[in-house]
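Q: Okay, handing you the structure first.
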Amino acid sequence: MVAPTRLFPLLVALLLAVLSYALERAVREGPLGPEPRRHDPDYIVDRLVLTTYATDGSVESRVTADKIVHYPDDATSDVTAPSVMLSKPASPRYRARAERGSVADDGEEVFLYGNVVMIREPDAERTQARLETDFLHVVGGPAIARSELEVRLQEGGRQLAGRGMEYHHDRGLFVLREQVRGRFEPREQERK
């Protein structure tokens, strides 16, 4: 009869051979399915301030955010506490802010979420206008802002509210889609 101590090294060698074969086969075959795409950020920016200037040195726009996280797999950026200011000569200044946002990689599409407030500052012809909603989709090229949610607009003594909105900045056209309600104060009270 063979002593158990003489078989032990043989059993260990056999076990190592089986494990090596299984490991080599698993590596050679690769993963069983396609590798799922990971949604990991490639860069993070804290306390962003981005300012663009006109040729005369005046501020044209300023974008600020508490944090931006960029994802290369879908070429988007998530933004925390975004704020935007736009200023053009002979036009009122516009400001917008939200709790969070998302920006396409080319910068042409911006999505703002949570307590979105857009303000047109007063000028010589018009009083301040304030737009409030919980979602705003801004398309940069044609300068269009859209929302399918409840929207509230206040300008001087006028108040409008409705569900769904589209604003064409270049044409100055503001459209409320449905369930529109409004309240207009007489002009005499507005100037007091």
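The opening residue of the sequence shown carries number 55 in the working numbering; numbering runs sequentially from there. By construction, the Cβ of each residue, glycine as well, lies at the ideal position given by its N, Cα and C atoms. Just so it is clear, the structure is predicted and the values come from calculations on it, not from any experiment.
1) Who does residue 131 pair with in a DSSP beta bridge?
2) In chain order, what residues of the same chain have a beta carbon less than 6 angstroms from the beta carbon of residue 115, not counting five sequence neighbours either side?
3) Of all the beta strand (DSSP E) runs that stay within the bounds of the stretch 67-121, which reach a length of 3 or more residues?
4) Nearest-angstrom Cα distance between residue 239 and residue 181?
5) What do you reckon, are the CB atoms on residue 119 and residue 138 nearer than 7 angstroms?
6) With distance defined between alpha-carbon atoms, name the residue in 78, 131, 205, 220 nearest to residue 100.
7) So what does DSSP say about residue 60, is it helix, strand or coil?
8) Cutting at 6 angstroms between CB atoms, please list the residues of its own chain near residue 172, excluding the five before and the five after it.
9) Taking C-beta to C-beta, are residue 206 and residue 199 nearer than 7 angstroms?
10) Please name the residue or residues paired with residue 184 in a DSSP beta bridge.
11) Between 160, 163, 152, 161, which has its C-alpha nearest residue 169's C-alpha?
12) Name the DSSP bridge partner or partners of residue 223?
13) Taking the CB atoms as reference points, tell me whether residue 208 and residue 237 lie closer together than 7 angstroms.
14) Does the beta-carbon distance from residue 217 to residue 175 come in below 7 angstroms?
15) Expressed to the nearest angstrom, what Euclidean distance is found between the alpha-carbon atoms of residue 189 and residue 113?
16) Over what stretch of residues does the beta strand (DSSP E) that includes residue 137 continue unbroken?
17) Exposed or buried, which one is residue 201 when buried takes at least 16 other CB atoms within 10 Å?
A: Working from what's here:
1) Numbered from 1 along the sequence shown, position 77 holds the residue referred to as residue 131. Looking at the DSSP assignment, residue 131 forms a beta bridge with 124, 157.
2) By one-based count along the sequence shown, residue 115 stands at place 61. Around residue 115: 106, 140.
3) 97-107
4) Within the sequence shown, residue 239 is the residue found at index 185, counting from 1. Within the sequence shown, residue 181 is the residue found at index 127, counting from 1. In this structure, the CA atom of residue 239 is about 14 angstroms from the CA atom of residue 181.
5) Along the sequence shown, one-based indexing puts residue 119 at 65. Along the sequence shown, one-based indexing puts residue 138 at 84. No, the Cβ-Cβ distance between residue 119 and residue 138 is not below 7 angstroms.
6) Walking along the sequence shown from the start, residue 100 turns up at place 46. Measuring from the Cα of residue 100, the nearest candidate turns out to be 131.
7) Position 6 of the sequence shown, counting from 1, holds the residue named residue 60. Three-state result, residue 60: helix.
8) Translated into the one-based positions of the sequence shown, residue 172 becomes position 118. These residues qualify, in order along the chain: 150, 185.
9) For this step, residue 206 is matched to residue 152 along the sequence shown. For this step, residue 199 is matched to residue 145 along the sequence shown. Residue 199 sits away from residue 206, with the two beta carbons spaced by 7 angstroms or more.
10) To locate residue 184, count along the sequence shown from 1; it is residue 130. Partner(s): 173, 208.
11) Taking the first residue of the sequence shown as position 1, residue 169 is located at position 115. Comparing Cα-Cα distances from residue 169 to each of 160, 163, 152, 161, the minimum goes to 152.
12) For this step, residue 223 is matched to residue 169 along the sequence shown. Answer is none; residue 223 lacks a bridge partner.
13) Your numbering for residue 208 matches position 154 in the sequence shown. Your numbering for residue 237 matches position 183 in the sequence shown. Going by C-beta atoms, residue 208 is not nearer than 7 angstroms to residue 237.
14) Position 163 of the sequence shown, counted from the first residue, corresponds to residue 217. Position 121 of the sequence shown, counted from the first residue, corresponds to residue 175. No, the Cβ-Cβ distance between residue 217 and residue 175 is not below 7 angstroms.
15) As a working note, residue 189 is residue 135 in the sequence shown. As a working note, residue 113 is residue 59 in the sequence shown. Cα to Cα, the separation comes out at about 27 angstroms.
16) The count along the sequence shown starts at 1 and reaches residue 137 at position 83. Run containing residue 137: 137-140, per the beta strand (DSSP E) assignment.
17) Taking the first residue of the sequence shown as 1, we reach residue 201 at position 147. Around the beta-carbon of residue 201, 16 or more other beta-carbon atoms lie within 10 Å, marking it buried.
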